[in-house]
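Protein chains in written order, with our numbering: chain Z, 554 to 658; chain A, 554 to 658.
Notes follow once the structure below has been shown.
There are 2 protein chains.
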Amino acid sequence: MDAEKRKQLEAAGWVVGNTSDFLGLTPAEAELVELKTRLALLVKEQRKVHNLSQDALAQKIGSSQSRVAKIESGDPSVSLDLIVRALFNTGATRQQLAQVILDSE
Amino acid sequence: MDAEKRKQLEAAGWVVGNTSDFLGLTPAEAELVELKTRLALLVKEQRKVHNLSQDALAQKIGSSQSRVAKIESGDPSVSLDLIVRALFNTGATRQQLAQVILDSE
DNA sequence: TGCAAATATGTCAAATCTGACATAAAATTA
DNA sequence: TAATTTTATGTCAGATTTGACATATTTGCA
Chain Z
554 MDAEKRKQLE AAGWVVGNTS DFLGLTPAEA ELVELKTRLA LLVKEQRKVH
604 NLSQDALAQK IGSSQSRVAK IESGDPSVSL DLIVRALFNT GATRQQLAQV
654 ILDSE
Chain A
554 MDAEKRKQLE AAGWVVGNTS DFLGLTPAEA ELVELKTRLA LLVKEQRKVH
604 NLSQDALAQK IGSSQSRVAK IESGDPSVSL DLIVRALFNT GATRQQLAQV
654 ILDSE
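Below is the structure:
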């Protein structure tokens, strides 16, 4: 595993451990983590494109600023449901969602 | 659904009159429900394509037969995380996932 | 038909995710 | 610069989701 990527994941709170531990993840598990991370970044991008503060987005999804911050930082306590719910509320399209999925390595 | 709201949705390009609208969901919420429903169906398709029983798939994702049944039936207690985790464990590709998202009405 | 495998449905305690809150830090503005 | 807004981080009780289990129903096949 790329050291830089592990650093990013750990900084985001994912329990990564050493390289062999990461390789111990099944491909399916790794794909899910990768997917959530990329969608989280898209939320941040879209929110900024539409000039929304984290607090404004939080209102739209009935949540709080601190949780939106966690969504965007890829916090492991955040569900895929919440990420996608946030995405759709930033005005992101299904096409953008699909593109991110296709791009996920 | 009240006429004014219908007018607004139609002006925004939404096809009104389906189940989601009846339930009073926002467009974003409706998209999420639609997405989960379609992905749930893909899980069932993929599982059968690969000749897996619900119990066999359950083992792969560390769950149980009854929960796999709930995933595939679109049970509201099932998270998007679990649906996607199941999907990847049936051998579904990111391409298939993206296609379903693009096809969602 | 009868039987076995597969699937569906309801329940529940435990695990996970949640919004809310406090507060710190960073960014933006005056 | 200081003041204001925005974002980040930690915590936690309540809500949601979970696997497991029991059991009913359906399906497929001899």
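Beta carbons: idealized from backbone N, C-alpha and C, even for Gly.
Buried or exposed by the 16-neighbour rule on C-beta atoms within 10 Å, applied to residue 619 of chain A: By the Cβ neighbour-count rule, residue 619 of chain A is exposed, with fewer than 16 other Cβ atoms within 10 Å of its own.
8 Å Cβ cut-off: residues of chain Z touching residue 648 of chain A: Here the neighbours are 655.
Proximity of residue 602 of chain A and residue 611 of chain A at Cβ, strictly below 9 Å: Taking 9 Å as the cut-off, the Cβ atoms of residue 602 of chain A and residue 611 of chain A do not count as close.
Near-chain A residues of the segment 623–649 of chain Z (beta-carbon distance less than 8 Å), N- to C-terminal order: Answer set for the segment 623–649 of chain Z: 632, 633, 634, 637, 638, 641, 642, 647, 648.
Sequence-distant residues of its chain with Cβ nearer than 6 Å to residue 617 of chain A (five each side left out): Same-chain partners within the cutoff: 611.
Residues that residue 585 of chain Z contacts on chain A, provided the C-beta gap is smaller than 8 Å: Below the 8 Å Cβ cutoff, chain A contributes 634, 637, 638, 641 as neighbours of residue 585 of chain Z, in chain order.
Proximal chain Z residues relative to residue 501 of chain A, where beta-carbon distance stays under 7 Å: This structure cannot settle anything about residue 501 of chain A, because the visible part of chain A is limited to 554 through 658.
Residue 604 of chain Z: first and last residue of the uninterrupted alpha helix (DSSP H) it sits in: Per DSSP, residue 604 of chain Z is not a residue of any alpha helix (DSSP H), being assigned neither H nor E.
Coil, strand or helix - residue 626 of chain Z by DSSP: Residue state, collapsed to three classes: coil.
Listed by chain order, chain Z residues near residue 609 of chain A by CB distance under 7 Å: Correct list: empty, because the minimum Cβ distance to chain Z is about 14 Å.
Proximity test, Cβ basis, 9 Å: residue 588 of chain A and chain Z: Yes, residue 588 of chain A counts as interfacial toward chain Z.
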